[in-house]
Structure formats: C-alpha cells, structure tokens
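Some notes on the structure that comes next.
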Amino acid sequence: MSRFWRKEKSIIYALHPEKIPASGARLTYTFGLGGIAVLSSLVTLLTGVALTFYYVPTPGDAHASLILIQDVVSFGAVMRGLHYWGAQVMVLAVTLHLARVVFTGGYRPPREFNWLIGVALLVITLVWDFTGYVLRWDDGAYWAFLVGTNLLREIPAWGDAIYRAIVGDVQIGANALLRFYGWHIFGLTVAGVFGVVYHLWRLRKDGGISRPLPDEGETREFISRDELFFREFITAALVSATLVFITLIFPAPLGTAANLDAGVSDVRAPWIFLWVQNLLRILPPLWAGIIAPLFILALISALPFLDRRGPGRAIWFARERWKPQVILAAIALVLIALSVREVWR
Amino acid sequence: MKHKGVEGNKGNEGTEGKTEFPQFLYFPSTWLFIAGFALLFAALAIAWNESHQPWQGWIARYNTQSDVTPVPIEIRTLVPTQTGKPELCVTCHIGIEDISASHPAETFGCVVCHGGQPLALDKDRAHTTMRGGRNPSDLSVAAQSCGQANCHGGYTDAERNHVDRVLKSVQATYAGGVAHVRFSFGAQKSPTALFGIRAVSDPTQVLPSKELRSLDMFATNPVSGTLDAKMVSCLDGGCHLWTTPAKPQAYAYRSSGCAACHYVYADDGLYRGKDATIARDEPGHGVAHQLTTAIPFSQCNHCHNRGNYDLKSMTFDLRDDLSPVARPLSAQMPLEGRRLLEYYQPIADFTKCEYELNCVDCHTAQEAMGNGRIYGSKKDAQYIQCQTCHGTPTTKPQTATIRSANELAMRQARINGHAEFLKVGDQVIVTERGELLWSIKQIAPNKFVQTEKVSGKIHNVPLVQGSKCTQDGKTQTSDYCHECHAVVR
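From first to last, the protein sequence lines stand for chains A and B.
FYI, the numbering for the first sequence is 1 to 345, going by this note's numbering.
FYI, the numbering for the second sequence is 1 to 489, going by this note's numbering.
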C-alpha cells in the first residue's frame, strides 16, 4: 500500500511543502479565505453529485423533484441546503479572497498570471451560481433565466449567435433548462475544478502565498507542514460545522413552481446580481448587463499590470499602493450601493 | 507535533508567546477539541433534524387521540386512480375524512380540488399553491376546482353545471337585497336589480336583467357616509356566497362558495373529525372534512335566521332574544318546539312542515343554486309553494313518471344516499318549472309520501283536495295557507 500511495508524490504534499513562511500563513494575513473557497467548492461539488441522483432537469419535473429532495429523500434537505449555502459561502469567500489579494498587493509579479486565473475563477463561480439558481425552476429562477439570457441578445452583431450557443435553443423551454443543467453540472464543473487545481499549482510554482520581502539580517520564521495541516483541519472543521448549522436553521429557499403562462409581479435576481438588476433600471440593457460588468472585470484584471512594483508588497492597506485599493473599494461600494438600492426599492 | 520553528534556531519555543488569542486557546489540542466537538455536534444536529420533521410530529399527535389506532410514523402516499400521480398530503392529514361518498380520495385524491404541492411535506410549501386557501369551492376559484369539465361544469346539460349557475344566482349576487336597499334610500329609481356583489352577465337572457354591475366599483373610492359606501360592508363580508362571514361566531359559522351550504358547521364551529392538524378547540372549522347534499336546516340558518339588517345604520343586528353562546348541536336539536323557538325569526309564522322538515326537503337545487338566469330578487328566484306538494282544493299536485335510471331525479336520489326510495316507473311530483322532486312520490291514487333528505324518515304528504280547506285554488299562495296552518309560538 505504501508503495501505491507515496505521500511525498501526492498533490496534497505538493501543495503543502515541508516549510512554509510563517508571515504568509498568518490567519490575519489570509483569513484562510482561499482555503475556505476551496472547501466550500468541495462541499458544493460533493453535495451536487448527490443531488444529480434525484434532480430531474425538465420543466415539468424540475421543481417537483426539488420538493421531493427537500421533503422526502432522507437527508435531502441537508444535502440541498449544504449545496446552496456552500455555493453562497463560495461566492463570498472568492470575492473576499480577491479583495484580500488586492488590499495586500498579493497579485504582484510573479503572481499576475495566477491573478487572471483567479479572476476567471470568480467569473466561473458567479455563472455556476446563476445556472444553479435557474435549475430551481421556481418563479424567481425562471424570470432571472429569461432576463439573464436575453441580455446576451443585446450584444451587437453576435448576440443571437451567442444566445443560441449558450441556451441551445431559440427560446426558453425544456431544451434551455437541459442546457443549463449541462453547463452547471458538467461544463462549469470541469472548468472550475481544472481552474482551482491550476490556481493552486500555480500558487506553489510562484513561491507560495505572497509575503513581505525580508529585511536584511532578519530571521525568517516558518511553520511546518504538520502545522499547516493542523490549521487547515481546524478551519475546515469549524467552517463545515458552521455550514451545517446555517443549513439546518435557514433551509435553502425554493419558491413556487415556475409558471410560463403567468405574469410576474416582483422578481428579485439572486443576491450576487442585484446590482445588475438595479443597473438595468438606470441604463439600457446593453450597458447595464454587458458593458458595465465587462468593464468592471477588465478593470479588476488590469490591477496587477497597473501596480507592478514598488514598496508595500504583502502589507495590508499599504499607502504606497493606494490606487488599486481605491479602484477596488470604489467598485465594491458602487456594487453594494446598487444592490442595497435594489433591495430597498 | 512541532508547531512553529525558526530557521537556523530549531526548537526555539520563544515565538510561542506571540499569540492573538488567550493562552489556553493557543494550545493546539484545545482547538482540536473545539473543532472535533463542532463537527460531532453538527453530525448530531443533522441526525436530530432528520428524526424531528414536522410531519412526524403530526402523526405522533394523531396517535395521541383517544379514539384512533396508533399508526407507524412514516410517509404515506395516496395514488388517486384518476391522476395516477402520488400525493403525500395524507402523511400529515392522516385520519382526515373522505370529502364525500361520491368523491372518494382513492379516486380523486386531494390535489385535483385543493391544488397545492402533492409531494411536499413542509406545511408552507405544500399549501402555497392551494386553490382558494382552505376552501377550493370559494367562488373566486370554484370554476377551477368544483367546476372543472366533467366535474360540475362543462356539460351540455346546463343543469349539471352547478358552478356556472350558482355564480349568477341571488345567493351569490345578492342582487335583490342591494337593489331594494338602494331603492329604499332613493339611490335608484326602481327596485330593479342593477348591481351584484360581483359583476355577472348573461347575454342570452331577455328578462329580468342581462347583466349586473359589480357593487365593488364603490369600494375603490367610497364616499364617506353615502349609502353606496355603506353598502361596501356587504362586500367585505357577511352577505352571500362570495363572502366569508365578517364576524364568525356561534351559530353563524360558515364557509364561502359551494361549501357555504354543502360543508356543515356545528353551531360552536368546532371540528369533530380525526385529522390531527385541525385544532379541536379552534372555532371556525366544519364538523368534519365532508361535503353533503343532505344539508340540515341548521346550516341554512347559520345565514338565514340570525337577525336582520338595520336599514338606518346598515349594520347587522343579531336577534337579541337569543344568547349567542354554546347550545346543543343541531344534530341533537329537533326536539319539538325548541327548533322553532331557538332558530326561527320571531316575526314570521311557520307551518309544522316548515320546521320539522329541513329546508332542502322543499327548496330545490334550482332555487338555491339558481337555474342559470340572473334574478333581481329572492321572490323571483324562489317558486316552491305549499300547493306544489299538497295541491289545491280542486287539483292534485302535478306528477311525472321516472323513465330511466339516468334521469336527473334518479341521480339526485343516489347522490343523496336514498337510491332505494326511487325506481324507474315511479310517479314523482313535478314543480311549476318542470323539475322532478325525487323525494316525493305517489304510492296510491290519493297518497303521496316524502323521504327526508337528511334522515331518510318517511312522511305522508296530505292533499288539500278532499280536505275542509275552502281557499280558492286559483289564487292560493302560501301566505293564505299560513293564515290557518301556522303554529302559534
């Protein structure tokens, strides 16, 4: 067995070197956000696999199969709850992880490529969440589906082609739901898993978590691989237990079944897209739904290229790097303000 | 386990002191203990949650009832033959009564009438999409539940489309009451019906009204103090089938829509069935989850005999000679005289058959539920007179022969649970409007008998012909009969 399983050759050991600089592994430096993102994606992945055995991706049965999972299947409500809350925690952890990297300048070379991978993972996470929201096939999900996919049609020249490529049909219906199911459980999962693995591998290749350059003559502190495992286990256990309690106290939401014939009174986008919904009330669809999000993404992606060198590496809120921090803070404030505006509308 | 080292100076434990937590929390095994405990606690919480679902609680509560055989706590499935789709409603509503013999749950299930989510076991989720809340026969949804095609709607024979008919009936529109009150106060120039509680129309009708406008047009902009604004109270509750009673109270409990008549409430409004989800001590529930065509007089009296509108104030005044407190139930009620005193209006006179029989024994379905025409008053809609069954000094009641087992009268006898009373070839009484009264038949040239719809008790129906009555048959109405035959209270 030991010959079959040689731990020093496993990816687990590859990601956990014998010694890790203590300054990069401090809780108050990373808050374990990357790890929490990975853990929550694993929880979501595993519970998602369980859900595929019961979920039926057809307009007639999708919602009913969720009710069955929720109310009849043993531990179904817990599975679905963990899937839902795991996904919310994942979105939150990925976003906060991104903010942490900006506010500590962790994207500085040689990590700028991994930064782009990270931004791509954020996009995958958001689309993953959106497609999952649609699979609920309740009244809110259906209208979000309709609005979300119709935004694609706003893209000049290629809008219709992109719509048909992603929705796989000329209009919303059984085909579209099946397509989104395919994207959710397969397309995005492959991209997400590959992206996370590559992101982690790249992290090691780039020399591990960013940290301040040592002053001359300073002794460098390290923590052992065992200590890292230990910290990861403690964090994972506490986050997992918290997820379970959130799940039991706040069951995953499920509205009434989507009715394609009925009108709709007041539908709210999933919380991560509330700002788009509010922007749609202010700007034309092409600007609100396509250009603005792409502009924000482009701006975030460009940060490591705007802020390449100089002092302040791996230091929280370093004054020398105030520009990228102000850019991100401004983006965050605008998005939060728009979301709050939509909630209080 | 080594937790922290310093390069070039292995084993130096001096850095251990740099903690962000109290000292005891920094001890690794403390964290291990906390994390392990959290995981264990989470696992136990999942297990506890799985065995403490609300539906399990309802079955447990069902089992605590003294008069039931305890059942295992498990999910119960009903697969109605009509839909073939499983429903889990009976998991929580275990012990609920079949709604009626002609609507067996095994055939129809629950969802075909109630709507809702058949596979949900969570109360809110299961009930969210229910039709008409607790009452699928509410007139706002009756067409989708009771009035579905091949149920009580969609037939070429209008008589079978009860829901269509009832929507236009005076019971639903309250057209007569509205017209007369408005006329009395000068709000309209004649007592012709112009408004209903809801707007209805019948373009095929010649007389008396093709359509009634909705009175609730005033509800959107009530002018304070005007008559029409006051009449909005008719829309808010209390009057007729579209509405639920404004102030449910003893003797006056009822449902709305079809259930207003067919779903029997006890005078105290308490449920007496086996469904543990319905509180036994909460007034406002039917006696049991049951529809009936054998409607007892007490059900009609929940609306028709508890008081009057005060025309000045437009408020409903309950009879002050009765105390609205718990009294014996209607089932135990018909002791000679008590019913007359306790239920019936002090100002009116009643003949013996009027308080010994039930209302439905004389008043037909077409009177109560309408015949599809829009009537402007109760007087126009109601036509059964004493002479319908008793004849006049010169004539016998009109009769007709039952010709086939599929005839409406035969079907009504079956639905009412008295199939044995009637057979093909029997002579039954026929009303002025041509309906066959299935419950009154001729058994000899001068002998008629009636079966009570509720109890099945048989009564002789005396004829006026051959009696000492000296009324002129041509002008004879029930008012004349009451002059001699009313019981003095």
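Idealized CB from N, CA, C, for every residue including glycine.
Bear in mind the structure is a predicted one, so any value in this text is a computation, not a measurement.
(request) List the residues of chain B that Asp61(A) touches, going by C-beta distances under 7 Å, in chain order. (result) In chain order: nothing, as chain B lies at least about 10 Å away.
(message) Can you check which of these residues, Asn406(B), Gly273(B), Ala266(B), is closest to Asp157(B) by C-alpha distance?
(response) Asn406(B)
(request) For the alpha helix (DSSP H) containing Ser214(B), list its first residue and its last residue. (result) Per DSSP, Ser214(B) belongs to no alpha helix (DSSP H); it is in the beta strand (DSSP E), 211–214.
(request) Buried or exposed for Val464(B), please, with buried defined as at least 16 other CB atoms from any protein chain shown within 10 angstroms of its CB. (result) buried
(request) Mind checking who Asn460(B) pairs with in its DSSP beta bridge? (result) Val449(B)
(message) Would His184(A) and Thr131(A) be called neighbours here (beta carbons separated by less than 7 Å)?
(response) yes
(request) Take Thr277(B) as the anchor and find which of Phe108(B), Tyr253(B), Glu97(B) has the nearest alpha-carbon. (result) Glu97(B)
(message) My output table needs one value for Trp143(A): the three-state DSSP class, helix, strand or coil.
(response) helix
(message) Let me see if you follow: with CB-CB separation under 7 Å, is Asn49(B) close to chain A or not?
(response) yes
(request) Let me know the alpha helix (DSSP H) ranges lying completely inside the stretch 66–114 of chain B, each 4 residues or longer, listed in chain order. (result) 89–92, 105–108, 111–114
(request) Give the range of the beta strand (DSSP E) segment to which Ala62(A) is assigned. (result) Premise fails: Ala62(A) lies in the alpha helix (DSSP H), 62–71, not in any beta strand (DSSP E).
(message) Under 7 Å, Cβ to Cβ, is there at least one residue of chain A near Asp122(B)?
(response) yes
(message) Can you check which of these residues, Val454(B), Met410(B), Val461(B), is closest to Trp438(B) by C-alpha distance?
(response) Met410(B)
(message) My output table needs one value for Ile429(B): the three-state DSSP class, helix, strand or coil.
(response) strand
(request) Determine, using beta carbons only, whether Leu241(B) and Ala172(B) come nearer to each other than 7 Å. (result) yes
(request) Give me the Cβ distance between Val43(A) and Leu82(A), rounded to the nearest whole Å; I'm assuming they're in contact under 8 Å. (result) 6 Å
(request) Determine the chain A residues that contact Phe41(B) at a beta-carbon separation under 9 Å, and present them in chain order. (result) Ala241, Val244, Phe245
(message) Output needed for Val267(A): all residues of its chain with C-beta closer than 6 Å, excluding positions within five of it in sequence on either side, in chain order.
(response) Gly140, Trp143
(request) Can you tell me which of the three DSSP states Ala314(A) falls into? (result) coil
(message) Assuming Thr401(B) is part of the beta strand (DSSP E), what are its boundary residues?
(response) 399–401
(request) Confirm, please, whether the CB-CB distance from Gln366(B) to Glu435(B) is below 7 Å. (result) yes
(request) Report yes or no: is there a C-beta of chain A within less than 7 Å of the C-beta of Ile94(B)? (result) no
(request) For Arg125(B), return the contacting residues in chain A, with the cut-off set at a CB-CB distance below 8 Å. (result) Ile67, Gln70, Asp71, Leu254
(message) Considering Cα atoms alone, identify which of Asp261(A), Leu213(A), Ala332(A), Arg136(A) is closest to His63(A).
(response) Arg136(A)
(request) For Gly153(B), write down the residues that DSSP places opposite it in a beta bridge. (result) Ala149(B)
(message) On a Cα-Cα basis, can you pick out the residue from Val68(B), Ile402(B), Lys85(B) that is closest to Lys423(B)?
(response) Ile402(B)
(request) Consult DSSP for Leu437(B) and reduce its assignment to one of helix, strand or coil. (result) strand
(request) Can you tell me which of Val141(B), Asn161(B), Ser140(B) puts its alpha carbon nearest to the alpha carbon of Asn150(B)? (result) Asn161(B)
(message) Measuring CB atoms only, is the stretch 46–58 of chain A touching the stretch 238–247 of chain A, in the sense that at least three cross pairs come out at less than 8 Å?
(response) no
(message) Assuming Pro21(A) is part of the beta strand (DSSP E), what are its boundary residues?
(response) 19–21
(message) Nearest by alpha-carbon distance to Val167(A): which of Pro214(A), Gly159(A), Asp160(A), Ala176(A) is it?
(response) Ala176(A)
(message) In whole angstroms, give me the CA-to-CA distance for His103(B) and Cys481(B).
(response) 41 Å
(message) Can you tell me whether Thr477(B) is buried or exposed? The criterion is at least 16 other CB atoms within 10 Å of its CB, across all chains shown.
(response) exposed
(request) Kindly list the residues whose CB is nearer than 8 Å to the CB of Ser224(B), restricted to its own chain and excluding five residues on each side of it in sequence; keep chain order. (result) The predicted model places Ser224(B) with a pLDDT of 47, which falls under 50 and marks its position as unreliable, so this point remains unresolved.
(message) Please state whether the Cβ-Cβ distance between Arg211(A) and Gly60(A) is less than 7 Å.
(response) no
(message) My output table needs one value for Tyr54(A): the three-state DSSP class, helix, strand or coil.
(response) coil
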